[in-house]
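Comments concern the structure below.
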């Protein structure tokens, strides 16, 4: 086996190599359930997505004898949220939301329609669903995240930080090995991040983008309340106070109806993104969205098998660093007997060398 840790953009090298070998598609599998998640076609289409009911049934069959680990099993929602974040699937109210967003951005440029600066306030769930680095670039909105002002509450940052702490211990892996198939892949997870932490790391990657690339505003530091509902109220209050302090027009984006109600009660503009009401069965996906989809899916599920290619993709592995998360890296393990092995390794190494020069 040959291993390479690569940036998600270099996954295109893999796809090109498969295409040059005459392969038109492959099955994306989750080895711990021994189940096919969907078929990926190299002309950038998704087909035959697993049904929600089937995923739930298979997940329940692999429940380890530990309440602590039950929440660590990837669910259909983790697959669905990935399709949403890469733009393959639309939110249920996308047309309504996109019109609201476009009208606000357009109105903010006309002083006759809006006095003062427009600033979007971000709820925690929007970071988890990677709306600004995933969904927004995949849609032709006529503007990008770089064109708008953003503020992030200190409480939102704290909520994410508080989840980056859970790791697998040796006892956890023993219980997982008793429940999972293809147990050999679990060796990569010793003392590595659990699902809750991996998803929080993706949200942190989104947060880092706002801080590093957009110089996002931040609210004053606040002690996080114990009660979850009170946290939501305090987040809204922090955005309200920030807007009053800075003379900005705050517009909250959330996926939580309770949060939307809090925003309404505090006289903030807001809009709620709604999860799809129908199951996604497949469709076209952009090349850029494909790269993010495979990266995020590998992180959430931990490991993917690309059926018939001789390639296994890890989103979590022994030795993965915080910088690997920041740079959106995955680990490929390639079968030396695969027909694409030699050329794929050669091309990946050449691209890495070029990128370093």
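Residue numbers (our numbering): -15 to 341.
Backbone N, C-alpha and C fix where the C-beta goes; we use that ideal spot for every residue, glycine too.
Note that the structure is predicted; figures quoted are calculated from it, not measured.
A straight-line Cα-Cα distance of about 10 Å links residue 288 and residue 315. For residue 31, the secondary structure class from DSSP, reduced to helix, strand or coil, is strand.
Within 10 angstroms of the beta-carbon of residue 151 lie fewer than 16 other beta-carbons, which makes it exposed. Spatial neighbours of residue 310 in its own chain (CB-CB distance under 8 Å, excluding positions within 5 residues in sequence) are listed in chain order as 189 and 192. Taking a cut-off of 8 Å on C-beta distances, the segment 259 to 270 touches the segment 27 to 47, as three or more cross pairs fall below it. Residue 71 is positioned such that its CB atom lies closer than 7 Å to that of residue 119.
DSSP places residue 190 in the uninterrupted alpha helix (DSSP H) bounded by 179 to 197. Around the C-beta of residue 106, 16 or more other C-beta atoms lie within 10 Å, and the residue is accordingly described as buried. Rounded to the nearest angstrom, the gap between the Cα atoms of residue 274 and residue 331 is 20 Å. Distances from the CA of residue 102 to each of 281, 85 and 148 were compared; the closest alpha carbon is that of 85. The residues 56, 150, 151 and 152, in chain order, have a CB closer than 7 Å to that of residue 178 in the same chain once the five nearest residues on each side in sequence are set aside. When DSSP states are grouped into helix, strand and coil, residue 313 belongs to the strand group. Residue environment analysis places residue 185 among the buried positions, since at least 16 neighbouring C-beta atoms fall within 10 angstroms of its C-beta. Judged by DSSP in its simplified three-state form, residue 103 adopts strand. In this structure, 238 is the residue among 262, 260, 238 and 35 with its C-alpha nearest to the C-alpha of residue 254. In the displayed model, residue 59 falls within coil according to three-state DSSP, outside both helix and strand.
Cβ neighbours of residue 260 within its own chain (closer than 8 Å, five residues either side excluded): 64, 68, 73, 74, 75 and 76. In the three-state scheme derived from DSSP, where H, G and I count as helix and E and B as strand, residue 247 is classed as helix. Excluding the 5 residues flanking it on each side, residue 13 has same chain C-beta neighbours closer than 6 Å at 20, 289 and 291, in chain order.
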